[in-house]
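Participant:
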Amino acid sequence: MKLVYCWSILASVAVASSLCCGNVGAQELERRWTFGLGVAIESNPYLGATDDTTVKALPYIAYEGDRFSVSPEGLEVGLYENDRIRLEGLVAPRWQFSDPADVPDLSDMQREIAVDAGFRLSTETGPVSISLDYLTDISGRHKGQEVALTAGVVSQIAPRWTVAAETGARWRDGDLGTYMYGVFADEVALDRPAYSVSGTVSPFFGATARYALTDRVALVGGIEFEMIPDEGRDSPIIDADSQYGAFLAVTMRY
């Protein structure tokens with residue numbers, strides 16, 4: 012699972028809350044900056060981890076322009092849009108919230124932050140959205156690829172409450188799968204054999220809720236759950252069947 016999910020939903024739910032009921036004024040449209048601060052917790056899947064979960068502060072700052080947006084989840088640039096579909100170019104860091112190097116027995120297995128690039132093709136019908144993302148490594152870290160298919164829905168259930176849910180699956184090729192779950196030849200140890208992963212599919216589910224404290228400030232919380240594929244669970248460095256994460260944050264739009 013990626014910490015970027017927590018970051019992206021901070022902005023997307025805030026915007027969706029004003030859109031889902033058609034209650035968007037000129038002042039809201041002019042608010043392009045979003046700031047947030049909160050706390051995130053994520054399970055640690057690595058064998059030998061002293062703590063089953065990792066807790067960190069979750070800062071957030073984003074800018075949304077007419078044709079592009081930039082945030083901790085990366086850069087999104089609008090390439091094409093009509094009444095049915097939207098095509099965006101993506102440049103995204105692949106954040107590592109849980110790092111095997113943080114586990115004493117895996118301290119020589121550091122996984123650096125990679126940078127991916129690709130595109131997103133999406134469509135919306137009322138409160139329902141469907142998107143297809145493709146990303147490939149451009150930093151030379153994992154040299155892999157990922158395809159994600161996501162279906163989501165957003166609903167304003169009360170004047171101050173907005174809820175959102177999404178589900179889908181992520182396909183990752185062997186290079187990315189090995190980077191996430193495997194053991195490279197130069198990382199082999201006495202009780203740690205080399206281990207490679209082929210293409211894998213990981214279903215996921217996420218849900219969020221937003222409560223508007225004022226017209227600018229909101230309290231946002233969310234959870235995500237992702238299955239670890241069979242080849243990941245069989246890895247000599249993995250001791251979990253799934254990963255989960257949750258966050259709670261305060262956001263402000265200007």
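The sequence shown finishes on residue 265 if you use our numbering, and the numbering steps up by one all the way, no holes. Beta carbons are placed, not taken as given, at the ideal position from N, Cα and C, and that holds for glycine.
Counting Cβ pairs, one atom from each stretch, are 3 or more of them under 8 Å apart for the region 94-108 and the region 128-137?
Facilitator: At 8 Å Cβ cutoff, the stretches touch.
Participant: Does the beta-carbon of E92 have 16 or more other beta-carbons within 10 angstroms, so that it is buried, or is it exposed?
Facilitator: One-based indexing of the sequence shown puts residue 92 at position 81. So E92 counts as exposed.
Participant: Between T161 and the rest of its own chain, which residues show a CB-CB distance below 6 Å, the 5 nearest in sequence each way excluded?
Facilitator: Residue mapping note: residue 161 aligns to position 150 of the sequence shown, counting from 1. For T161, where only same-chain residues beyond five positions count, the Cβ hits under 6 Å are S142, E177, G179.
Participant: In whole angstroms, give me the CA-to-CA distance for A196 and G47.
Facilitator: On the sequence shown, position 185 is the one that residue 196 refers to. On the sequence shown, position 36 is the one that residue 47 refers to. Roughly 41 Å separates the two Cα atoms.
Participant: Going by beta-carbon coordinates alone, are E235 and V208 separated by less than 8 Å?
Facilitator: Position 224 of the sequence shown, counting from 1, holds the residue named residue 235. Position 197 of the sequence shown, counting from 1, holds the residue named residue 208. Contact flag unset, no.
Participant: Put T225 into one of helix, strand or coil per three-state DSSP.
Facilitator: For the purposes of this step, residue 225 is identified with residue 214 of the sequence shown, where counting begins at 1. Three-state result, T225: coil.
Participant: Ignoring anything shorter than 3 residues or poking outside the region 190-227, list the beta strand (DSSP E) runs there in chain order.
Facilitator: List check, beta strand (DSSP E) in window: 211-223.
Participant: Reducing DSSP to helix, strand and coil, say where G185 ends up.
Facilitator: In the sequence shown, the residue the question calls residue 185 occupies position 174. In this structure, G185 counts as helix in the three-state DSSP scheme.
Participant: Looking only at DSSP bridge pairs, what is L160 linked to?
Facilitator: What you label residue 160 is simply residue 149 of the sequence shown in a count that begins at 1. For L160, which the question treats as bridged, DSSP gives the partners L143, A180.
Participant: Excluding the five sequence neighbours on either side, which residues of its own chain have a C-beta within less than 6 Å of the C-beta of V126, listed in chain order?
Facilitator: The residue labelled residue 126 in the question sits at position 115 within the sequence shown. Once the five neighbours on either side are set aside, the close Cβ partners of V126 are P104, I149, S150.
Participant: What number of angstroms, rounded off, separates the C-alpha of F258 from the C-alpha of G49?
Facilitator: Numbered from 1 along the sequence shown, position 247 holds the residue referred to as residue 258. Numbered from 1 along the sequence shown, position 38 holds the residue referred to as residue 49. Answer to the nearest angstrom: the Cα atoms are 7 Å apart.
Participant: Assign S246 to one of two classes, buried (16 or more other C-beta atoms within 10 Å of its C-beta) or exposed (fewer than that).
Facilitator: Along the sequence shown, read from residue 1 onward, the residue named residue 246 stands at position 235. Buried, by the Cβ-count rule.
Participant: Starting from P70, follow its DSSP beta bridges and name the residues at the other end.
Facilitator: Looking up residue 70 in the sequence shown gives position 59. Paired residues: L48.
Participant: Looking only at C-alpha atoms, which of Y206, T219, R122, D119 sits nearest to V165?
Facilitator: Mapped onto the sequence shown, residue 165 falls at position 154. Comparing Cα positions, the closest option is T219.
Participant: Just checking my contact of Y74 with S80 at CB under 8 Å: how many whole Å lie between their CB atoms?
Facilitator: To locate residue 74, count along the sequence shown from 1; it is residue 63. To locate residue 80, count along the sequence shown from 1; it is residue 69. Indeed they touch by this definition, with Cβ atoms about 7 Å apart.
Participant: Beta-carbon within less than 6 Å of N34's beta-carbon, same chain only, minus the 5 sequence neighbours each way: which residues are those?
Facilitator: Here residue 34 refers to the residue found at position 23 of the sequence shown. Any reading at N34 is ruled out, since the residue's pLDDT is 46, under 50, leaving its predicted position unreliable.
Participant: Using only CA atoms, which one of W172, T173, T211 lies nearest to D186?
Facilitator: By one-based count along the sequence shown, residue 186 stands at place 175. Nearest of W172, T173, T211 to D186, Cα basis: T211.
Participant: At 3 residues or longer, and completely inside the region 52-129: list those beta strand (DSSP E) runs for me, N to C.
Facilitator: Listed in chain order, the complete beta strand (DSSP E) runs (minimum 3 residues) inside the region 52-129 are 64-75, 79-82, 85-92, 97-105.
Participant: Within the continuous beta strand (DSSP E) that includes G256, where are the two ends?
Facilitator: Position 245 of the sequence shown, counted from the first residue, corresponds to residue 256. Element bounds for G256: 253-264.
Participant: Which partner residues of E135 appear in the DSSP bridge assignment?
Facilitator: Along the sequence shown, one-based indexing puts residue 135 at 124. E135 is bridged to S140.
Participant: Taking DSSP's pairing of strands, which residues face E237 in a bridge?
Facilitator: Translated into the one-based positions of the sequence shown, residue 237 becomes position 226. F215, Q254, per the DSSP bridge assignment.
Participant: Taking T61 as the reference, give the member of R181, L117, G137, L69 with the closest Cα.
Facilitator: Working through the sequence shown from its first residue, we reach residue 61 at position 50. When only C-alpha atoms are compared, the closest one is L117.
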